[in-house]
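Using numbering that gives the first Met the number 0, the letters of the sequence shown correspond one by one to residues 0 to 221.
Glycine included, every Cβ here is placed at the ideal spot set by N, Cα and C.
Some notes on the structure that comes next.
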Amino acid sequence: MRFEKGRTLTARGFLFDMDGTLVDSGPVVERVWGKWADEQGLDFAGLMPVAHGRRAIETIAMFGKTVLDIEAEARRLEEAERLDIDGLSEIAGARALIAALPADRWAIVTSADDSLARTRLGACGFPIPKVFITAESVEQGKPNPRCYQLGAEGIGFDPKDCFVFEDADAGLAAGRAAGAQVIAVASTQSADNLDRKGELWIPDMAGLRVVLDGEWIHLTHD
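So this is what it looks like as C-alpha cells:
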C-alpha cells in the first residue's frame, strides 16, 4: 500500500538502509556483481533479488560455487565496488529528509562494509551519522534483525518506536523482525510487487516532510 499524501505516521527515530534507499548504486552493482555472477555461472537477474540487501560475505557463501576463500572474495568484491563510483546518485529527496532530522535521531544500517559505505555516502553528498551500523557491526547480517536493533539502541530508542526505510526483501524482513515500523522504497523492486507483499511503500524520499513534536517526529507526504 502506498504511503499516500496527507497521511501522517509518527516515530521517535529514523533508521535508514543505504543502497537503494539513500543511494542508487544500481549501475555499480550491475558491473561488479554481474561480472561475478558470470564467473560463477549464475544468472544475475535471478541472483539479485536474493542477494540484494545482504552482506557480500553471506551472498558469496550462498552462491559462490567455485570460491575457496569466502572472506578474501568478499574483500575483493567490496574493494571493486569501492573503487567504482561511476553512476552513483542520491535517491530523490533523501538528503533533504536527513537534513531535516536532528543528528541524534537517525542512523544508517547498511550491509556494506564501513569503507564502501563511507565512499558511497560521500560521493552522493550525505553526512556520516553518529550511529553507523555496517557489515562489520554484526555477526549475522540482514534478514537477521540485530543490525536494526543496534541502530535503535545507538540512537536511544526501542525499535518499535523507529521507522526503518528499506528497499530489499532481506532488509524489510530484518526491520519487521526488529519490531520497527517498516517503510519500503520502491527503487529495486516494483510497486506492484510491494503491494502483493503487503508492504507500506514510497517511490522515493521526495515529498516526505517531518515535524518535530518533543520526543516524537511526525512524518507526512506532501
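What does residue i pair with, by DSSP beta-bridge criteria?
| i | result |
| --- | --- |
| L170 | Note on identity: in this sequence residue 170 is Gly, with Leu being the wrong assignment. DSSP output for G170 lists no bridge partner at all. |
| W105 | F13 |
| S88 | D23 |
| R208 | T219 |
| L8 | L218 |
| D18 | V22 |
| W200 | R1 and A183 |
Let's test the definition: count the other Cβ atoms within 10 Å of the Cβ of residue i and tell me whether it reaches 16, buried, or not, exposed.
| i | result |
| --- | --- |
| W105 | buried |
| W200 | buried |
| P144 | buried |
| D42 | exposed |
| Q188 | buried |
| D166 | buried |
| H217 | exposed |
| L76 | buried |
| R6 | exposed |
| S88 | exposed |
| L211 | exposed |
| A102 | exposed |
| G124 | exposed |
Where does the unbroken beta strand (DSSP E) through residue i begin, and where does it stop?
| i | result |
| --- | --- |
| E77 | No beta strand (DSSP E) holds E77; the alpha helix (DSSP H) holding it covers I69 to R81. |
| A183 | Q180 to V184 |
What is the residue span of the alpha helix (DSSP H) that residue i lies within?
| i | result |
| --- | --- |
| P48 | F43 to A50 |
| F2 | Premise fails: F2 is in no alpha helix (DSSP H) and is neither H nor E. |
| T223 | Residue 223 cannot be examined here, being either before or after the span of the chain that is shown, 0 to 221. |
| A98 | A93 to A98 |
Using a Cβ distance threshold of 8 angstroms, determine whether the region 16-28 contacts the region 119-129, with at least three qualifying pairs required. yes
Using a Cβ distance threshold of 8 angstroms, determine whether the region 153-167 contacts the region 178-190, with at least three qualifying pairs required. Touching, yes.
Let me know the alpha helix (DSSP H) ranges lying completely inside the region 113-164, each 4 residues or longer, listed in chain order. Runs of the alpha helix (DSSP H) lying entirely within the region 113-164 and spanning at least 4 residues, in chain order: 113-122 and 145-153.
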